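Comments concern the structure below.
Number of protein chains: 4
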Amino acid sequence: MRLKLGMVGGGEGAFIGGVHRIASRLDDRYELVAGALSSDASRAISSARALGIADERAYTDFEEMARAERARPDGIDVVAIVTPNYMHFPVARAFLEAGIHVICDKPVTTSLDDALALKELVKTSGAYFALTHNYTGYPMVRQARDLVHQGKVGKIRVVQAEYVQDWLADKAEDTDNKQARWRTDPKQSGPAGCLGDIGTHAFNLAQFIAGSRATEVAADLTTFVPGRRLDDNVHVMLRFDDGARGMLWSSQVAPGNENALSVRIYGDKGGLEWHQETPNELWFTPLGEPTQRLTRGGPGSTETANRGTRIPPGHPEGYLEGFATLYSNIADAIQARQGGNTPEAALVPGIDDGIEGMRWVEAVIRSSENNSAWEKLQS
Amino acid sequence: MRLKLGMVGGGEGAFIGGVHRIASRLDDRYELVAGALSSDASRAISSARALGIADERAYTDFEEMARAERARPDGIDVVAIVTPNYMHFPVARAFLEAGIHVICDKPVTTSLDDALALKELVKTSGAYFALTHNYTGYPMVRQARDLVHQGKVGKIRVVQAEYVQDWLADKAEDTDNKQARWRTDPKQSGPAGCLGDIGTHAFNLAQFIAGSRATEVAADLTTFVPGRRLDDNVHVMLRFDDGARGMLWSSQVAPGNENALSVRIYGDKGGLEWHQETPNELWFTPLGEPTQRLTRGGPGSTETANRGTRIPPGHPEGYLEGFATLYSNIADAIQARQGGNTPEAALVPGIDDGIEGMRWVEAVIRSSENNSAWEKLQS
Amino acid sequence: MRLKLGMVGGGEGAFIGGVHRIASRLDDRYELVAGALSSDASRAISSARALGIADERAYTDFEEMARAERARPDGIDVVAIVTPNYMHFPVARAFLEAGIHVICDKPVTTSLDDALALKELVKTSGAYFALTHNYTGYPMVRQARDLVHQGKVGKIRVVQAEYVQDWLADKAEDTDNKQARWRTDPKQSGPAGCLGDIGTHAFNLAQFIAGSRATEVAADLTTFVPGRRLDDNVHVMLRFDDGARGMLWSSQVAPGNENALSVRIYGDKGGLEWHQETPNELWFTPLGEPTQRLTRGGPGSTETANRGTRIPPGHPEGYLEGFATLYSNIADAIQARQGGNTPEAALVPGIDDGIEGMRWVEAVIRSSENNSAWEKLQS
Amino acid sequence: MRLKLGMVGGGEGAFIGGVHRIASRLDDRYELVAGALSSDASRAISSARALGIADERAYTDFEEMARAERARPDGIDVVAIVTPNYMHFPVARAFLEAGIHVICDKPVTTSLDDALALKELVKTSGAYFALTHNYTGYPMVRQARDLVHQGKVGKIRVVQAEYVQDWLADKAEDTDNKQARWRTDPKQSGPAGCLGDIGTHAFNLAQFIAGSRATEVAADLTTFVPGRRLDDNVHVMLRFDDGARGMLWSSQVAPGNENALSVRIYGDKGGLEWHQETPNELWFTPLGEPTQRLTRGGPGSTETANRGTRIPPGHPEGYLEGFATLYSNIADAIQARQGGNTPEAALVPGIDDGIEGMRWVEAVIRSSENNSAWEKLQS
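Chains as they are written, first to last, in our numbering: chain G, 34 to 412; chain X, 34 to 412; chain S, 34 to 412; chain B, 34 to 412.
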């Protein structure tokens, strides 16, 4: 049985909306039946038609959509929120209040306060809330996490995370680049630029794999492109609850980097290295032994990794498949509420991850404003 | 409007059937509504139900399916044939005779004679026939072809193609590995083992990119695993119509190779290198200039490559996306028959590519039987 | 005419002494004729004999050696100092005072004060002083520097440097590992462990290539191996005089890293990336163009890079060749003092680089002691 | 005690002579004291002076040199022959007849008959004869050989060798490129172009690692550059005495390939892959286990590999070091003749390897002339 899916945002010209739709379709677990794809009425309707959504379920107002869908006997089970950041909170609230499950793009909100408020709403609504830190859906990321949990790297000492791009090296927000425009606009993006857009992914992924929780940060945020209104480069030192130390570098102005997200973790027994642009391999170095190239579905794969893989080793799966795995895990989790069992439910990022991300964003900003003094994540 | 898709083969336990289904779904161009998924009645019905196919359209006999679907007002537009090789021809014939478009997995048949006969059937049926040499769907493969066509490598001198795996290094056909069993069984696979299973892909891909046509081959086929009934290693020297020379190595017994398909092409002005396991990059070396790493959607992308890409550079697309691009191109081509225009129609492998592949398979076998004497592809 | 070379340190069981000897020999510019290879008399003589040094020039006391060699008509032209760090200063002083040129391993001293004092000694002695930051001798490092100078990366924004090893992940200083013993001993190494041993190389190299000068640092030094007396992990954020920002990570406890020195530099026009373990290639990305793989001696090589290369592209040169290039540049520089000209003299690290390195080491230590507050390099 | 070395060939403008000199010097086992560096008298003397050879030992005639050096009490122990190919035989003959040890560059001669005659001369002279297939000197090549001998790859099935360059993609012999001129001139190079120049290295290396002996070849030689007088591309299929099959591709017209020598070997238990341009790593895949990246001096190093390494893992050694290892092994072997022991003596290529290489060259040429019919190596 496919879940009935609605979408808010993601009309023509958007990027992440299309990704969510493919991800929902890939394993055939969802059917897109309703949408408030644009606040512009004519674009809302034309976008909906292009996606096979019936006119009567092509909304221009997300609150109306929440009410109407709740009222329908065949109303949506779950809504995907793929708007600019500042809309995440109000949209999520509307659907949670309507008792509809929510799949929300990251960052969860534009402030920690909103994230905390959202947690209350999730609790009272009883609905399911998932946050698409999609990079956690890659099989080799999950295998890396498994290896850490199995003690293969030992006690963690160092965590190095990076998420580096180059598409904002020039002032792309002055062109007709829609993505650049809203992502550098504090009104739409919130107080964090590169930090919120991709730095949050790197932070989430590092913690996801390492298991450690960052307790404090010393940060130096920079805006390199003249006239830009938000940071485009992020340098952070990290301290973790288990004594590990780390660094995180995120940038959108580093030429030659397309989407260079990577995590390296070193413990007293071994090391791990994963790069998003070559996602089907994971480098594992047990101390004093040769480095191993682990592959998706290859020798040594863990159960968790195998459950997130569709095709044999050597047949590369990519970004969309990792995203789709998250969507399928979410479908499992939602359906498991009517009984059933889903081992990956615990892996799906939720509201607590969102809160942790916002604590991190705000601590980084505070530290940077305070000339890089160490700031605690728990305010 | 989505095309109505039927499928023959691809029941539980199959590999490539699932791939075709994901490929058809990814861009939302098809709807799977009928299938003869297994010749075993109970598996046919249970597989169909798992895929959401109505019981009345879950057939056990492909001929019955062709007749019944033809007769239905809502009958399928196109059938995907994902059976073992020996069934490709009879199934394709049945659907072509019913006037239904055909998407057929490779190799097109198990003999050149059958392939030639199939061409006649395609011609008389007026139906569309596509052959899923899916590796041609990768954007960087198409960009490589474009660069050759633009003269960037100059006159081609050398073509080196490889397709190497290791999953048959042991006698997997003696286990319950269903894939190994039929692929090493001459009755189901035809006279070619590794040669037909993956060698044909490498050959097709080399010609697809280079544009050159092989005219003769000198080959040495080997069966390394004791007791195996078909070749598991293929060594071929090639001569092309434009004076180029080449080599092709294909193996299923080379430990450490998961799905190592690669093509390297060298002309008097430059060189190109592409590896399937890292499909989002293409190495281009203009003679006397630094080697360039071209990326999917990155600087220098060609139109053809861009039309086959869904997400930004650095967000890896993989095997399923390339396969899906072929499916979407096929949908375009079928729909263009009612008018319309589709620039990639010419890129979709069809019956002539199938015939060329079978000419090649048979010439390789003849050469190997004749102690590697050069054999012409045109018999 | 070969220069007459003496050596202090580098007896049996040492590492870097052998490297200096090979480096001096490779281009046939030096002849090793004297040494105080060990303070242990019998090891001093046996080491000297093994190297073909006459017994009468096998010293056990470096001060005696300086006096005696100065007095000989055929006395050494230049001495190589390859002792543990704490001996660099007294040995250099002795030979400078004897008017003998000095080639000193890094770090130049164990304190900034000593480094400043040494500068005075260099000045008054009139002798030549070179510091073997040998990684600057790699052709592609020099080419990277050239590209920066030519404006190919534009105004520099971000500098990321790393120097990571794993050989001290366990408590190797408790074994008979002589290298581990002295490098983790504050009496022999000075106040900096990993920081002084390899962090200084990364810092030097980053500035060498970028041209920018670091003005302040925020650092977090850690000792992960229990009982170790010096830092084994270094995390530093950097600010540069031209507005660039950066990070430096150096560690000796990261499993899987053998000698992973790397520098990445990003400006508003392009990016550069170089890794010491694959030293014959340099990645250059002009913004908006494909990434180029530049190779030693390959298309686009600069004059400086070409002068530091001995064999054709594709024939890898390594660590010893880079070191030898530095030695040959030093020979050129020394011989140029009698007239002549040497374009690479300006590239040889000297006392000012040593001072800069010590300023950096001390600022990092201060910052780390001050809970990572920003500390200026100019005290 | 250093061996006294003479050299024939290698005057100003040569390539390989300089390489031999550095290789002889690197480990300080030789002293260059005599030379017939050029047949041109003034170049012979100026080249000798530049190398510190006394005028009286700067010969213009190699036969005079052999006689004179034999007569001197301090005459050379060994001569290095670094002339164009056609001179290898007469020069080797002259020195062997003078009882002087010989280090000869490859290919050993320009015909099998000469090679066989040379073997007789070696035998009767009692002198030592080494052939500089220098790539066998790389530590990871020797480790690969060790792994094969230890049974780690099991029974060998497939051997894939390549040696590919691009420096002759244009007609460089029409320019003042001295290397291109003699290497494409049948009078100086012999009947084989690319085949003799680099194909012999690939063939030698494949057999060195695999241990298998090729018994027959089917070959297709091509000359792509118009007007060139020797082959510039080599395609060969191979059959081995142990049932293995293989391919060898060698080319000097493949843009983007600088010095791409590689060997891949696959047995029933595992696979090995080594690339000359990244010589410090070896990829080893035990069947059914993760691929291992073995490094020079790293975990799992064999004794043989360790004895051929000078500096720690991660400090790259390159082409010159591998060449120097061969020179040092030769010094060991020569000195062991006066008693002593040298474990690597058996690894130094000698006259039998030269003969095997010439059998291979001639079989390849015969096969190619006979439209690629299989030709036996044992004529």
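Glycine included, each C-beta is placed from N, C-alpha and C at the ideal position. Predicted, not measured: the structure shown is a model, and the values here were computed from it.
Cβ-based burial, residue i [other Cβ within 10 Å; buried from 16]
| i | result |
| --- | --- |
| G276 (chain X) | exposed |
| T208 (chain S) | exposed |
| G85 (chain G) | exposed |
| G260 (chain S) | exposed |
| P349 (chain X) | buried |
| G132 (chain B) | exposed |
| A213 (chain B) | buried |
| F95 (chain G) | buried |
Any chain X beta carbon closer than 8 Å to residue i
| i | result |
| --- | --- |
| H308 (chain B) | no |
| M280 (chain B) | yes |
| V397 (chain B) | no |
| P288 (chain B) | yes |
| D61 (chain G) | yes |
| I498 (chain G) | The structure shown does not extend to residue 498 (chain G), since chain G spans only 34 to 412, so no value can be given for it. |
| I55 (chain G) | yes |
One or two residues paired with residue i in a DSSP bridge
| i | result |
| --- | --- |
| P349 (chain G) | Beta-bridge pairing links P349 (chain G) to no other residue. |
| L228 (chain S) | L228 (chain S) pairs with nothing; no bridge assigned. |
| Q193 (chain G) | G:M280, G:R297 |
| R272 (chain S) | S:E249, S:R278 |
| K409 (chain B) | B:E249 |
| K220 (chain B) | None, per the DSSP bridge assignment. |
Interface flag, residue i vs chain S, CB-CB below 8 Å
| i | result |
| --- | --- |
| E15 (chain B) | Because chain B is modelled from 34 through 412, residue 15 (chain B) falls outside the range shown and cannot be assessed. |
| W215 (chain G) | no |
| W393 (chain G) | no |
Within-8 Å CB hit, residue i to chain G
| i | result |
| --- | --- |
| H268 (chain S) | yes |
| T248 (chain S) | no |
| F257 (chain S) | yes |
| R343 (chain X) | yes |
Partner residues on chain B for residue i, Cβ-Cβ distance less than 9 Å
| i | result |
| --- | --- |
| Q325 (chain G) | E322, P323, T324, Q325, R326 |
Within-8 Å CB hit, residue i to chain B
| i | result |
| --- | --- |
| V52 (chain S) | yes |
| G303 (chain X) | yes |
| R76 (chain X) | no |
Chain B residues whose Cβ lies nearer than 7 Å to that of residue i
| i | result |
| --- | --- |
| P332 (chain G) | G321, E322, P323 |
Amino acids of chain X, ordered along the chain, whose beta-carbon sits closer than 9 Å to that of residue i
| i | result |
| --- | --- |
| N404 (chain B) | A251, A406, W407 |
Neighbour list for residue i in chain S, Cβ cutoff strictly below 9 Å
| i | result |
| --- | --- |
| H348 (chain B) | V52, E291, N292, Q309, E310, G351, Y352, L353 |
Contacts that residue i makes with chain X (C-beta to C-beta distance below 7 Å)
| i | result |
| --- | --- |
| A202 (chain B) | D301, L320 |
Cross-chain neighbours of residue i in chain S, by beta carbon under 8 Å
| i | result |
| --- | --- |
| I363 (chain B) | Correct list: empty, because the minimum Cβ distance to chain S is about 18 Å. |
| L145 (chain B) | Ordered by position in chain S, no residue passes the 8 Å Cβ test against L145 (chain B), which lies about 29 Å from the chain. |
Residue i: contacting residues in chain S (beta-carbon distance under 7 Å)
| i | result |
| --- | --- |
| Q193 (chain G) | W282 |
| R175 (chain B) | Neighbours of R175 (chain B) on chain S: none; closest Cβ ~17 Å, over 7 Å. |
Residue i beta carbon near the ligand MG (any heavy atom closer than 7 Å)
| i | result |
| --- | --- |
| N167 (chain X) | The ligand MG is not among the ligands present in this structure, which contains no ligands whatsoever. |
Closer than 8 Å at the beta carbon, the chain G residues around residue i
| i | result |
| --- | --- |
| R58 (chain X) | R58, L59, D61 |
Item to complete: Could you say if the stretch 224-235 of chain X and the stretch 317-335 of chain X meet the contact criterion of at least three C-beta pairs nearer than 8 Å?
Response: no
Worksheet item: Taking contact to mean at least 3 C-beta pairs separated by less than 8 Å, is the stretch 285-293 of chain S in contact with the stretch 178-188 of chain S?
Response: no
Discussion item. For the structure I just gave you, are there three or more beta carbon pairs, one from the stretch 351-370 of chain X and one from the stretch 352-360 of chain S, closer than 8 Å?
Written reply: Contact between the stretch 351-370 of chain X and the stretch 352-360 of chain S is not established, with fewer than three Cβ pairs separated by less than 8 Å.
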